[in-house]
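A short worksheet on the structure shown next.
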Amino acid sequence: MKDLVIFGTGEFAHLAYEYFKNDSEYNVVAFAVDSEYLISDHFLDLPVIPSENLLSTYPPKDFSIFVAISSGRINKSREEAFKRVKALGYNCASYVSTRSFMWHNVSIGENVFIFEGNTLQPFTEVGDNSILWSGNHIGHRTKIGKNCFISSHCVVSGFCVISDNAYLGVNCTVIDGILIAKQSFIGAGALVTRNTVENTIYVGSPARPMKTSKSSEDV
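First residue of the sequence shown: 158, per this note's numbering; consecutive thereafter.
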């Protein structure tokens, strides 16, 4: 068993604990949060420490980290935390459910979390710090970038590119060969038939741009 610290104490952190504990080679030993969010020194009967104390309490040579922050600010909050722990020298653990299907040549990065029921076809790639919630189909040769969030039951067809910090809402569909641009927000149930534009929200079937955002704070 490998010892693991989970960064965060929200709902996703609770879920990550449940999955790592019962379906992985990792042993969760503690949680960490930034001191401004520290409201208790225990969570799920495990210690919670300020992130400022990570190096002295759980050094990188002995412990891995999983950054369990969800999709806030188009995944920017999780991206920033991931970069911070990597700068401290930590290896970030990834989780792939044993109840998902991954072809043998699928490539995944660090701090990736893949829930049950996902299908990843041959030659697909998932970049660092991306989350695939339950029940998605990722078609052959599709590339998912860094810091992405794929909600439940999305269908992403073959030869697509999902660029960094994209968000795909529940039950959306992306047809073959589409480029989802950086920080695109694809609404629930949308059907994407054309390439998207950065920092833009798309809704409907077929999907149409609803709003262009000046920053990730707006979406």
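A virtual CB, placed ideally from N, CA and C, is assigned to each residue, including glycine. No experiment lies behind these values; they were computed from the predicted model shown.
{"Query": "Of the residues Val-354, Lys-243, Leu-203, the one placed nearest Asn-322, counting alpha carbons only", "Result": "Val-354"}
{"Query": "8 Å contact criterion, which Asn-286 and Phe-223 should meet: CB distance rounded", "Result": "Actually they do not touch by this definition, with Cβ atoms about 10 Å apart."}
{"Query": "Exposure label - Leu-212; buried when at least 16 CB within 10 Å", "Result": "exposed"}
{"Query": "Asn-293 and Phe-280 closer than 8 Å at C-beta", "Result": "no"}
{"Query": "Alpha-carbon spacing of Gly-346 relative to Leu-325, whole angstroms", "Result": "9 Å"}
{"Query": "Where Ser-373 falls: helix, strand or coil (DSSP)", "Result": "Residue confidence is low: Ser-373 scores 48 on pLDDT, short of 50, so the model does not pin down where it sits. Its coordinate-derived value is still stated next. Note: Ser-373 maps to helix in three-state DSSP."}
{"Query": "Element boundaries [beta strand (DSSP E), containing Leu-203]", "Result": "203-207"}
{"Query": "Sub-8 Å separation of Ser-208 and Asn-248 beta-carbons", "Result": "no"}
{"Query": "Simplified DSSP assignment, three categories, for Asn-184", "Result": "strand"}
{"Query": "Asp-160 to Lys-240 span [Cα, whole Å]", "Result": "20 Å"}
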